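Novice:
Shown next as structure tokens:
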């Protein structure tokens, strides 16, 4: 999450950086930081649920630029909070800030509330491009820095935590990494960028590099205030270094204070800094110091041999098949480590309950599998799943658990292209649980079909409007589509945990936020076939719509309006074409604490009852992004 204020400080002292031409090298990438910053820097729309296809184009372009410059990238992404959980309060503060920013986002402002499937698209795109990618079991910073030190490669990141580690090849700050301005010569191509090293920083500010963790820990901690300790550099200014202003910034004052103690040991300096702190503040600083101790890297074996990194000792009981799912992306370790899952907050009406509530039953099955691995038969899974030594009928068991969770019969998905089966099953679940207006279902399926047809013909990118849209947003409509995305995300994680009994969908092609909102407006006056007059579109649209509405037709569900509006299509789910032809937010409760509650996770899907098997989950309200 970075050292507070350090980026701003370095903007004022840019001479610390070295301009370089980066090429013909290996590069370690802070994947989580890159994923969100890349979406933001591309100015893609944040408020309508995501412009995933345009985002995929950005990812592909960046990594193609690396390849063109003979740069071999190794990507490491966060997998949770880690064992220390030191940054939980910071994470929750950010969740609260996002909630407070929702009203402004509904008015069209860009408030940094990112769409929910950014990491899914990022990970899937890199896997498709064969870019080496690993997910850590906790925060990636320490493991990534340890590997950078061991391999002697630079790190690409916008996270200033990496500015504290003594990395032999330094850090390439993301915002100065001009991957979209590759320079080409007769002999080679290179990316103009800047290089940061701790040696340059320490020389400039005249501090011992051993004091950098002390600096970061004191700067990170809000209890510390050394603003008035020093306002000028002791002994004058070195050549090229500006004199500090009379009213020095907090960080500059801290650096000056540390620089005056270069002859002291780290322990003496830390003791002096904490002399007037409370016990709580001292504990926080000491915990923070531990975060900057580099562990031995467990990632080298994964990148060189595919060896799954070892789990923390607390999770040594976790079966190998779960470890593989955690390591290769898609699942976080916080459920196992802390019995907690922090949910993505989306832009939607604050007068409605969180869209995440719709997918809560899916998550409860996920929790049940993860937290009650010793009782898998009670959630419908065979004991053999623990070891994967007996694969007889295993696929059928896994598929049954996934489909029953979504309340879908396998026959419903017959005739649906393989990689659209999970999204269609999710749409069936969403239709039943959220009861959206018919035009919202139609709009969603229209965009899904258009994306699939574009994917089939190899369209390089989305040609529609994808930049951030500053117009006000219909929060109720957004809430319905957010419910679908929440269901898709949670169902995808369950599917991954169950070893993908349903093929993984192509996330980038499923949902385009501004388009789906535009389609639902158009559908107030016209039907889908009047909007998109294409025979391939008509056939696939009918097939998906028939699959989604057939269960409700049999069950006499709440979608009578929709069925009446579709009669003119003469739907026939036994279409003569072969599958191959189609291609394969109320506010926070003020003053309340996060309670520990027992959530029962034995789950029977057909009657939609939540049963208890005793895992303890830590949450506040769904509105705050817990559970």
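Residue numbers (the working numbering): 75 to 701. Note that the Cβ used here is the ideal one computed from N, Cα and C, for glycine as well. Note that the coordinates shown come from a computational prediction; the quantities given were computed from them, not determined experimentally.
Could you check how far apart the C-beta atoms of residue 550 and residue 614 are, in whole angstroms? I think they sit under 8 Å.
Specialist: Looking up residue 550 in the chain shown gives position 476. Looking up residue 614 in the chain shown gives position 540. With 8 Å as the limit, residue 550 and residue 614 do not qualify as a contact, their Cβ atoms being about 29 Å apart.
Novice: Have a look at 511, 377, 347 and flag the residue whose alpha-carbon is nearest the alpha-carbon of residue 331.
Specialist: One-based indexing of the chain shown puts residue 331 at position 257. Considering only alpha carbons, the answer is 347.
Novice: From residue 602 to residue 179, what distance separates their C-alpha atoms?
Specialist: For the purposes of this step, residue 602 is identified with residue 528 of the chain shown, where counting begins at 1. For the purposes of this step, residue 179 is identified with residue 105 of the chain shown, where counting begins at 1. If you take the alpha carbons of residue 602 and residue 179, they lie about 29 Å apart.
Novice: Kindly indicate the opening and closing residues of the beta strand (DSSP E) around residue 147.
Specialist: In the chain shown, the residue the question calls residue 147 occupies position 73. From DSSP, the beta strand (DSSP E) with residue 147 extends over 145 to 151.
Novice: So, with DSSP's three-state summary, where would you put residue 561?
Specialist: By 1-based counting over the chain shown, the position of residue 561 is 487. Reduced to three states, the DSSP call for residue 561 is helix.
Novice: What is the residue span of the alpha helix (DSSP H) that residue 133 lies within?
Specialist: As a first step, residue 133 is located in the chain shown; it is residue number 59 there, counting from the start. Element bounds for residue 133: 126 to 142.
Novice: Where does the unbroken beta strand (DSSP E) through residue 231 begin, and where does it stop?
Specialist: Start at 1 with the first residue of the chain shown, and residue 231 comes out as number 157. Taken as a continuous stretch (DSSP letters only), the beta strand (DSSP E) holding residue 231 covers 229 to 231.
Novice: Going by DSSP in three states, residue 78 sits in which element: helix, strand or coil?
Specialist: On the chain shown, position 4 is the one that residue 78 refers to. Coil at residue 78, not helix or strand.
Novice: Helix or strand or just coil, what does DSSP make of residue 595?
Specialist: On the chain shown, residue 595 is found 521 positions in, with the first residue counted as 1. Residue state, collapsed to three classes: helix.
Novice: Which residues does DSSP list as the beta-bridge partners of residue 400?
Specialist: Taking the chain shown and counting its residues from 1, the one referred to as residue 400 is at position 326. Note: residue 400 sits in no beta bridge, so no partner.
Novice: Would DSSP call residue 91 helix, strand or coil?
Specialist: Position 17 of the chain shown, counted from the start, is the residue given in the question as residue 91. DSSP places residue 91 in coil when its eight states are reduced to three.
Novice: Just the Cα atoms here: how many angstroms apart are residue 112 and residue 133?
Specialist: On the chain shown, residue 112 is found 38 positions in, with the first residue counted as 1. On the chain shown, residue 133 is found 59 positions in, with the first residue counted as 1. C-alpha separation (whole angstroms): 8 Å.
Novice: Do residue 477 and residue 484 have their CB atoms nearer than 8 Å?
Specialist: Numbered from its first residue, the chain shown carries residue 477 at position 403. Numbered from its first residue, the chain shown carries residue 484 at position 410. Yes. Within cutoff.
Novice: Within the stretch 330 to 373, note down every full alpha helix (DSSP H) run reaching 4 residues or more, in order along the chain.
Specialist: You should have 340 to 347, 353 to 365.
Novice: Which value, in whole angstroms, describes the spacing of the CA atoms of residue 131 and residue 119?
Specialist: Looking up residue 131 in the chain shown gives position 57. Looking up residue 119 in the chain shown gives position 45. Distance between the alpha carbons of residue 131 and residue 119 is about 14 Å.
Novice: Go through its chain and collect everything with a Cβ distance to residue 501's Cβ below 6 Å, but skip five positions before and after it.
Specialist: Within the chain shown, residue 501 is the residue found at index 427, counting from 1. Result list for residue 501: 622, in chain order.
Novice: Write down the C-beta distance between residue 245 and residue 236 rounded to the nearest angstrom, noting that I regard them as a contact closer than 8 Å.
Specialist: Here residue 245 is taken as the residue at index 171 of the chain shown, counted from 1. Here residue 236 is taken as the residue at index 162 of the chain shown, counted from 1. About 5 Å separates the two Cβ atoms, so the contact holds.
Novice: Could you tell me the alpha carbon to alpha carbon distance between residue 414 and residue 611, rounded to whole angstroms?
Specialist: In the chain shown, residue 414 corresponds to position 340, counting from 1. In the chain shown, residue 611 corresponds to position 537, counting from 1. Looking at the two C-alpha atoms, the distance is approximately 42 Å.
Novice: Relative to the C-alpha of residue 249, which candidate in 606, 82, 513, 417 has its C-alpha closest?
Specialist: For the purposes of this step, residue 249 is taken as residue 175 along the chain shown, with counting starting at 1. That would be 82, whose Cα lies nearest to the Cα of residue 249.
Novice: Would you say the stretch 369 to 386 touches the stretch 201 to 211, given that touching needs at least three Cβ pairs under 8 Å?
Specialist: Contact holds: three or more Cβ-Cβ distances are below 8 Å.
Novice: Are residue 104 and residue 230 touching if we call contact CB-CB under 8 Å?
Specialist: In the chain shown, the residue the question calls residue 104 occupies position 30. In the chain shown, the residue the question calls residue 230 occupies position 156. Yes. Within cutoff.
Novice: Can you check whether the CB of residue 169 is closer than 8 Å to the CB of residue 531?
Specialist: Locating residue 531 in the chain shown gives position 457, counting from the first residue. Locating residue 169 in the chain shown gives position 95, counting from the first residue. Result no, Cβ atoms of residue 531 and residue 169 do not sit closer than 8 Å.
Novice: Among the candidates 95, 425, 504, 107, whose CA atom is the shortest distance from the CA of residue 192?
Specialist: For this step, residue 192 is matched to residue 118 along the chain shown. Nearest option by C-alpha distance: 107.
Novice: Following the continuous beta strand (DSSP E) through residue 99, name the residue where it begins and the one where it ends.
Specialist: Locating residue 99 in the chain shown gives position 25, counting from the first residue. Its beta strand (DSSP E) spans residues 99 to 104.
Novice: Span of the alpha helix (DSSP H) holding residue 195?
Specialist: Within the chain shown, the letter at position 121 stands for residue 195. Note, residue 195: alpha helix (DSSP H), 192 to 202.
Novice: Could you spell out where the alpha helix (DSSP H) holding residue 246 opens and where it closes?
Specialist: As a position in the chain shown, residue 246 is number 172, starting the count at 1. Note, residue 246: premise wrong, no alpha helix (DSSP H); beta strand (DSSP E) at 245 to 247.
Novice: Could you compute how far the alpha carbon of residue 409 sits from the alpha carbon of residue 470?
Specialist: Residue numbering aside, residue 409 sits at position 335 when the chain shown is read from its first letter. Residue numbering aside, residue 470 sits at position 396 when the chain shown is read from its first letter. Roughly 26 Å between the two C-alpha positions.
Novice: How long is the line joining the alpha carbons of residue 329 and residue 274, rounded to whole angstroms?
Specialist: In the chain shown, the residue the question calls residue 329 occupies position 255. In the chain shown, the residue the question calls residue 274 occupies position 200. When rounded, the distance between both Cα atoms is 14 Å.
Novice: Could you please give the first and the last residue of the uninterrupted alpha helix (DSSP H) stretch that includes residue 274?
Specialist: As a first step, residue 274 must be located in the chain shown, where it is residue number 200. Element bounds for residue 274: 272 to 279.
Novice: By how many angstroms is the C-alpha of residue 342 removed from the C-alpha of residue 393?
Specialist: The residue you call residue 393 lines up with position 319 of the chain shown. The residue you call residue 342 lines up with position 268 of the chain shown. C-alpha separation (whole angstroms): 45 Å.
Novice: Alpha carbons only, please: which of 89, 440, 173 is nearest the one belonging to residue 418?
Specialist: In the chain shown, counting from the first residue as 1, residue 418 sits at position 344. Out of 89, 440, 173, 173 has the C-alpha closest to the C-alpha of residue 418.
Novice: Counting C-beta neighbours from all protein chains within 10 Å, is the total for residue 533 16 or more, i.e. buried, or is it exposed?
Specialist: Against the chain shown, residue 533 aligns to sequence position 459. Result: exposed.
Novice: Assign residue 264 to one of three DSSP states: helix, strand, or coil.
Specialist: Position 190 of the chain shown, counting from 1, holds the residue named residue 264. In this structure, residue 264 counts as strand in the three-state DSSP scheme.
Novice: Rounded to whole angstroms, what is the Cα-Cα separation between residue 185 and residue 474?
Specialist: Residue 185 sits at position 111 when you count from the first residue of the chain shown. Residue 474 sits at position 400 when you count from the first residue of the chain shown. Rounded to whole angstroms, residue 185 to residue 474 spans 41 Å at the Cα level.
Novice: Check for me: the beta strand (DSSP E) holding residue 241 runs from which residue to which?
Specialist: The sequence position of residue 241 within the chain shown is 167, counting from 1. First-last for residue 241: undefined, no H or E at that position.
Novice: Using the Cα positions of residue 479 and residue 87, report the straight-line distance between them to the nearest angstrom.
Specialist: Looking up residue 479 in the chain shown gives position 405. Looking up residue 87 in the chain shown gives position 13. Approximately 55 Å between the Cα atoms of the pair.
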